[in-house]
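Single-structure report; data block below.
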Amino acid sequence: MRERLARLGLETVLELLLHLPLRYEDRSTVRPIGGLRTGDFALIEGVIEAADVVRGSKARLVCRISDGTGHLTLSFFNFYANQVKQLQRGERVRCFGEVRAVGPSLQMTHPEYHLEHDEAGWNEGGYTPVYPLTQGLTQAAMRRMVAEALRLAAQPGALAELLPYALREELRLPSLYDALALIHHPPADAPIEALMAREHPAMLRVLFEELLAHQISLRQLREQVRAESRAPVLRPAGQLVKRFLENLPFELTGAQQRVDTEVAADMASDAPMLRLVQGDVGSGKTVIAALAALRAVECGWQAAVMAPTELLAEQHHRNFANWLEPLGLDVAWLSGRVGGQTRRDMLAGIADGGIRVAVGTHALFQESVEFQQLGLVVVDEQHRFGVHQRLALQEKGGQHGRRPHQLIMTATPIPRTLAMTAYADLDVSVIDELPPGRTPVTTVAIPDARRDEVIERVRAACAAGRQAYWVCTLIEESEKLEAEAAEATAERLSESLPELRVGLVHGRMRGADKEAVMGAFAAGELDLLVATTVIEVGVDVPNASLMIIENPERLGLSQLHQLRGRVGRGRAASSCVLMYHGPLSDTARHRLGVLRETTDGFEVARRDLELRGPGELLGTRQTGALNYRVADLARDAKLLPRVQHVAVEMLKQHPQYADALVQRWIGERQRYARV
Ligand code: ADP
Ligand code: MG
89 MRERLARLGL ETVLELLLHL PLRYEDRSTV RPIGGLRTGD FALIEGVIEA ADVVRGSKAR
149 LVCRISDGTG HLTLSFFNFY ANQVKQLQRG ERVRCFGEVR AVGPSLQMTH PEYHLEHDEA
209 GWNEGGYTPV YPLTQGLTQA AMRRMVAEAL RLAAQPGALA ELLPYALREE LRLPSLYDAL
269 ALIHHPPADA PIEALMAREH PAMLRVLFEE LLAHQISLRQ LREQVRAESR APVLRPAGQL
329 VKRFLENLPF ELTGAQQRVD TEVAADMASD APMLRLVQGD VGSGKTVIAA LAALRAVECG
389 WQAAVMAPTE LLAEQHHRNF ANWLEPLGLD VAWLSGRVGG QTRRDMLAGI ADGGIRVAVG
449 THALFQESVE FQQLGLVVVD EQHRFGVHQR LALQEKGGQH GRRPHQLIMT ATPIPRTLAM
509 TAYADLDVSV IDELPPGRTP VTTVAIPDAR RDEVIERVRA ACAAGRQAYW VCTLIEESEK
569 LEAEAAEATA ERLSESLPEL RVGLVHGRMR GADKEAVMGA FAAGELDLLV ATTVIEVGVD
629 VPNASLMIIE NPERLGLSQL HQLRGRVGRG RAASSCVLMY HGPLSDTARH RLGVLRETTD
689 GFEVARRDLE LRGPGELLGT RQTGALNYRV ADLARDAKLL PRVQHVAVEM LKQHPQYADA
749 LVQRWIGERQ RYARV
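So the sequence shown is residues 89 to 763, counted in the numbering used here.
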């Protein structure tokens, strides 16, 4: 039994109590016997027509009852003499149990029953919980164990109440024991719908406590990281930053200035910065990264900038080189594809400090790369890096006992409350303003039967001096097939549009070739770029004003939003054509509808969260942090602002309760979150 329970992760009394019912059996209405089916759990009422003790290898008490709509047999092994006296012919009885068809007749074995003169029992009604089970475990056994667990928990001191009384009053939440007792044994008049909808105070109490425990745990983790390690104080006079801003062809937006100030303040402290910068595609995050890098360099420290793909890393390298070389700084480029003597020189420069700024892929945190003194790590598009990789990078800066500051940038806008829970170990800055002069992208959905029309759009846009993307989406998760499809598409489009210069990029091309094509497109030497989803993030060509996405029904909302973000970066009015292959599923139709309705990344993210749940949205970073027993970040998100507020209060006012909460809900798991 213990083993079977362990399979469900149930090893303690509390774990049993947190094994919440999936649903409830309703004993509030009496069902007509004539309408019953085998397998039903039902409350029935009838008059006993016959009652007999049947002798055999094992004695059995058998009663036949009728309610006018049908007959049913009650069957008891192991009965008491008292029961034979009670269950007399002519008595009216209410029974609850599982209905079985035995031959032509219906039967209940060992039903619960009450006689009419037993008023309390007769009117008991109410709901019976139905639990998630594992093989070899029955509902009855589960119910018994939960009942026993509740009995144990009711002993004084057994289930400590960890929310301060005043807080419970304020939030109108019952005690944990009362909440669990109600959930496992709702009284006849309990609002079952509210319970199932997770809106009843008893449910809210349990959800709140779990969310709170996680929130507290994440905050403690962050405090621990901060307390254990020191970072260099990077507070330069600002010469490099000044010259950089003077050379920049535009002014920073208000949002960029605000975020830059937040970053600068973090870097000026010896507590390691752990800051997430969120900004919709095109909001100008790269400049923020450059400014941070310049601060590190001016103080004599090195900066490393990492992107998740070669293509993106190449683009960052181009940008950084353009911006920093006029200031007299060399920018090194490191990826898995840089080899031979070039690589050796690069590694030597990074190790002796000759190289101050290095841009690259995850190759930057391989063991062979030793920095002289790394003061800042910038990670772009962080959702593709796991928490492990982030920690590995932190280790890189072990020199002089100082950890590098970390700046993490993501274009996947995560609703703020969710970010603060999923990333409670990070501070969050939001660039909530796009650079001026952008016109919102118009999005349309067109079936692929009207492909010719779409091709004409491309022709018109390019004739007007604009450029266009044509994206072929992933086929069956195969990069090879995807690349082939893109090749075929590029060929066909070249035939249909002979006057256009057509380029092709896909994931199976060599880095240098990809870069050459991207470079040509950015320089305006290509009119149409046929691409696979490799161009998803970060690619920046302001003159491109038309984005065609083939088979958008294959992609998720935020990925589509990212792709669309490749256009609308210049002054021309831009559009995005979602060329779908019908018929669409309901979800796909819904997704495309969302994109047509809004261009606001945060709104898209909110809708995405509703459609997919937080696990997928947050990608690899689910490790530990999202392991909830009862709470669900998407369904219960409305509780988060309150939870965050209370977590801060608890840590300040009731640290011993805060620790106990973490121990109760997370316990040993907190340590795993750190590796
Ligand atoms: P993302 O946030 O998607 O990484 P980028 O940093 O690539 O965005 O910036 C998108 C484009 O906007 C780039 O061409 C960049 O030079 C330009 N840009 C950034 N900030 C500003 C600004 N304040 N004013 C005008 N253009 C800007
Ligand atoms: Mg970017």
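Beta carbons: idealized from backbone N, C-alpha and C, even for Gly.
Give the single residue among the options whose Cα lies nearest to the Cα of residue i.
i    : options                   : result
D615 : L585, R589 and L399       : R589
L522 : V329, E698, A228 and E339 : E339
R545 : Q366, E570 and S584       : S584
V187 : L225, R125, M233 and Q243 : R125
S633 : Q647, G644, P640 and A610 : A610
A254 : P262, L247 and A248       : P262
Q195 : H159, Q223 and L225       : H159
I637 : G607, V605, Y557 and G681 : Y557
S662 : P320, V734 and V532       : V532
S294 : Q751, I754, D747 and A719 : A small fix is needed here, since residue 294 is Val in this sequence, not Ser. Of the candidates Q751, I754, D747 and A719, the one whose C-alpha sits nearest the C-alpha of V294 is A719.
F690 : L666, E413, G437 and S371 : S371
S566 : G591, S582, T621 and A551 : T621
P640 : V655, F165, E386 and V665 : V665
S317 : V542, R491, L699 and K173 : R491
T561 : V542, D540 and V593       : V593
G386 : V393, L328 and G441       : According to the sequence shown, residue 386 is Glu rather than Gly. The shortest C-alpha separation from E386 is found at L328.
W310 : R286, A359 and E350       : Note on identity: in this sequence residue 310 is Arg, with Trp being the wrong assignment. It is A359 whose Cα lies nearest to the Cα of R310.
G245 : A229, M233 and L264       : L264
H198 : V150, L400, Q403 and N211 : V150
L205 : L306, E179, Q223 and G437 : In the sequence as presented, Leu is not what sits at residue 205; that position holds His. Among L306, E179, Q223 and G437, the Cα nearest to that of H205 belongs to E179.
A735 : L749, R723, K726 and D724 : L749
P743 : A276, G670 and L250       : L250
Can you give me the C-alpha to C-alpha distance between residue i and residue j, rounded to a whole angstrom?
i    : j    : result
P220 : R717 : 13 Å
W389 : R331 : 18 Å
A341 : G489 : The residue asked about is misnamed: residue 341 is Thr in this sequence, not Ala. Using only the alpha carbons, I get a separation of about 36 Å.
G595 : G127 : 54 Å
L106 : T226 : 18 Å
T397 : L617 : 18 Å
F408 : L422 : 13 Å
A325 : T675 : 54 Å
K767 : I519 : Here the chain comprises residues numbered 89 to 763, so residue 767 is not present and cannot be evaluated.
L728 : Y745 : 19 Å
T161 : R115 : 19 Å
E297 : M291 : 10 Å
G214 : A301 : 32 Å
L706 : V692 : Interpretation of L706 is limited by its pLDDT of 47, a score under 50 that renders its predicted location unreliable; the figure taken from the coordinates is listed afterwards. Those two C-alpha atoms are separated by around 14 Å.
E137 : G156 : 11 Å
T500 : E91  : 42 Å
R709 : I304 : Low confidence applies here, because R709 scores a pLDDT of 36, under 50, leaving its location unreliable; read the following figure in that light. If I take the Cα positions, the gap works out to 18 Å.
T577 : E737 : 58 Å
L452 : L648 : 29 Å
W210 : L175 : 14 Å
T711 : R286 : Note on T711: pLDDT 35, under 50, position unreliable in the model; no value is reported.
R547 : R654 : 19 Å
L102 : G441 : 55 Å
Q243 : D266 : 13 Å
L435 : Q429 : 10 Å
Just to check my reading of the structure: residue i and residue j have Cβ atoms closer than 8 Å, yes? What is that Cβ distance to the nearest angstrom?
i    : j    : result
A515 : L364 : For the sequence presented, residue 515 should be read as Asp rather than Ala. D515 to L364, Cβ: 7 Å. Contact.
Q366 : T498 : 6 Å
G463 : A391 : 7 Å
V559 : I623 : 7 Å
S517 : V347 : 4 Å
V529 : G656 : 4 Å
R182 : H202 : 5 Å
V56  : A381 : Residue 56 lies beyond the stretch modelled for the chain, which goes from 89 to 763, so this question has no answer here.
A384 : L333 : At roughly 17 Å, the Cβ-Cβ gap does not stay under 8 Å, so A384 and L333 are not in contact.
L110 : F184 : Actually they are not in contact, since the Cβ atoms of L110 and F184 sit about 18 Å apart, beyond 8 Å.
M667 : R652 : Contact flag wrong, Cβ pair sits at about 13 Å.
Q.
Please give the ranges of any alpha helix (DSSP H) in the segment 624-690, keeping only runs that are unbroken, at least 4 residues long and fully inside the region.
A. Complete alpha helix (DSSP H) runs here, min 4: 645-652 and 674-685.
Q: Please specify which runs of the alpha helix (DSSP H), each continuous and at least 4 residues long, are wholly inside the segment 133-176, giving them in chain order.
A: Correct list: 169-174.
Q | beta strand (DSSP E) runs contained entirely in the segment 315-345, provided each spans 3 or more residues | A | Within the segment 315-345, complete beta strand (DSSP E) segments of at least 3 residues are not found at all.
Q: Starting from the N-terminal side, write out each stretch of the alpha helix (DSSP H) that is 4 residues or longer and does not extend beyond the segment 268-311.
A: Counting only runs of 4 or more, we get 280-284.
Q.
Extract the residue ranges of the alpha helix (DSSP H) inside the segment 376-436, only unbroken runs of 4 or more that lie entirely within it.
A. Along the length of the segment 376-436, whole alpha helix (DSSP H) runs at least 4 residues long occupy 398-412, reported in chain order.
Q: Scan the segment 575-633 and note each continuous beta strand (DSSP E) run of 3 residues or more that stays entirely inside, going in chain order.
A: Fully enclosed beta strand (DSSP E) runs of 3 or longer: 590-593 and 616-619.
Q. In the segment 198-230, which residue ranges form an unbroken alpha helix (DSSP H) of at least 4 residues, counting only runs that do not cross its ends?
A. The segment 198-230 contains these whole alpha helix (DSSP H) runs: 207-210.
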